[in-house]
Amino acid sequence: MAEVDQFDSALDLLRRLDPKHTSEHLNSLISLVPSLTEDLLSSVDQPLTIARCRTTGRDYLLCDYNRDGDSYRSPWSGEFETPLGGQGLGGVDDQGNNEGAGEGAVPSERVRDMEVRANEAFDVYRELYYEGGVSSVYFWNLDDGFAGVVLLKKVATPSGKSEGTWDSIHVFEAVDRARTAHYKLTSTVILHLSTGNDNLGEMDLSGNMTRQIESDLPVEDDTSHIANIGKLVEDMELKMRNLLQEVYFGKAKDVVGDLRSIASLTEANRDKATHQEMINSMKR
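The numbering of the sequence shown is the UniProt record's numbering, which starts it at 1 and goes up by one.
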């Protein structure tokens with residue numbers, strides 16, 4: 001009998017569970033099999049958590065890419081800090097070494113300068129496209145370039161029983177070449193929508209989508225990197241939003257429309273009969 005791969009089994013289980021509670025399911029799996037902690041945290045995208053920078057007072061987003069132990073690095077101050085209440089999942093740096101709070105790996109001076117400019121650029125992007133929400137950008141060094149993640153979160157203002165949350169996670173690598181750079185972008189959108197009223201009851205639509213692209217773009221200086229990354233993220237978000245609206249939402253609307261109706265079944269059958277009678281009369 002073939003040996004069961006615990007990691008593959010855990011991922012398969014997470015795909016079959018309600019995506020709205022991914023963080024809870026992930027913590028449960030980690031408590032059952034602690035040896036899978038780092039593999040699961042680095043492979044499973046979770047809804048983003050908001051924290052406030054103690055130095056600047058600005059909100060930023062927590063994820064595995066700016067975490068070291070119970071500490072998270074603020075993109076605004078560049079320093080590690082432990083959020084109130086703690087997260088308690090442990091962590092490693094880019095080299096796989098466990099480190100204490102406040103001692104995590106930080107980007108080089110050049111990469112940190114680009115990180116600061118990227119945060120400023122995507123803060124404008126967030127305001128223009130999302131009209132609110134929180135954004136954070138984190139960079140780190142690679143041997144032949146640099147990598148990073150662009151995070152965006154928007155929570156819709158609840159109205160009655162309706163609520164919604166959008167989390168987008170864009171992880172990229174930029175490999176420097178002569179006058180160009182090769183970019184590899186992996187984007188994930190985590191969406192949760194719920195609504196309800198007396199006629200239709202409650203409906204919950206949750207899920208995630210991941211897409212990946214690679215592209216070679218011209219580079220003159222470090223500013224070009226910021227513009228290139230911004231263009232890639234903007235184009236990818238537009239494609240994924242259109243795909244969600246046209247395919248996923250459209251399909252969900254068709255399924256719900258076939259299963260549920262505000263009108264009574266008697267009225268629907270009467271309308272159907274009238275429609276068929278008109279068609280038959282036109283054929284005579």
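Even for Gly, the Cβ is constructed at its ideal location relative to N, Cα and C.
Using the Cβ count rule (16 or more neighbours within 10 Å means buried), how would you classify residue i?
i: residue 91; result: The predicted position of residue 91 is uncertain, since its pLDDT is 37 and thus under 50; no value can be drawn from it.
i: residue 191; result: buried
i: residue 69; result: buried
i: residue 21; result: exposed
i: residue 275; result: exposed
i: residue 251; result: exposed
i: residue 143; result: exposed
i: residue 54; result: exposed
i: residue 177; result: exposed
Does the distance from the C-beta atom of residue i to that of residue j stay below 8 Å?
i: residue 66; j: residue 138; result: yes
i: residue 180; j: residue 219; result: yes
i: residue 47; j: residue 167; result: yes
i: residue 151; j: residue 244; result: no
i: residue 253; j: residue 197; result: no
i: residue 41; j: residue 10; result: no
i: residue 106; j: residue 78; result: yes
i: residue 33; j: residue 6; result: yes
i: residue 229; j: residue 134; result: no
i: residue 118; j: residue 226; result: yes
i: residue 165; j: residue 155; result: yes
i: residue 163; j: residue 147; result: no
Would you give the residue range spanned by the beta strand (DSSP E) that residue i belongs to?
i: residue 73; result: 71 to 73
i: residue 223; result: Premise fails: residue 223 lies in the alpha helix (DSSP H), 222 to 243, not in any beta strand (DSSP E).
i: residue 246; result: First-last for residue 246: undefined, no H or E at that position.
i: residue 142; result: 134 to 142
i: residue 9; result: From DSSP, residue 9 is part of no beta strand (DSSP E) but of the alpha helix (DSSP H) over 6 to 16.
i: residue 21; result: Premise fails: residue 21 is in no beta strand (DSSP E) and is neither H nor E.
i: residue 154; result: 145 to 155
i: residue 168; result: 163 to 176
With respect to 7 Å, is the separation between the Cβ of residue i and the closest non-hydrogen atom of the ligand NAD below this value?
i: residue 15; result: In the structure on display, the ligand NAD does not appear, and there are no ligands present to speak of.
State the start and end residues of the unbroken alpha helix (DSSP H) segment that holds residue i.
i: residue 212; result: Careful: residue 212 lies outside any alpha helix (DSSP H), inside the beta strand (DSSP E) at 201 to 218.
i: residue 194; result: Premise fails: residue 194 lies in the beta strand (DSSP E), 180 to 197, not in any alpha helix (DSSP H).
i: residue 131; result: Here residue 131 belongs to no alpha helix (DSSP H), and DSSP marks it neither H nor E.
What residues are listed by DSSP as bridge partners for residue i?
i: residue 108; result: Bridge partners of residue 108: none, in fact.
Entirely enclosed alpha helix (DSSP H) segments - the segment 29 to 81, minimum 4 residues
Entirely contained in the segment 29 to 81, the alpha helix (DSSP H) runs reaching 4 residues are, in chain order, 37 to 43.
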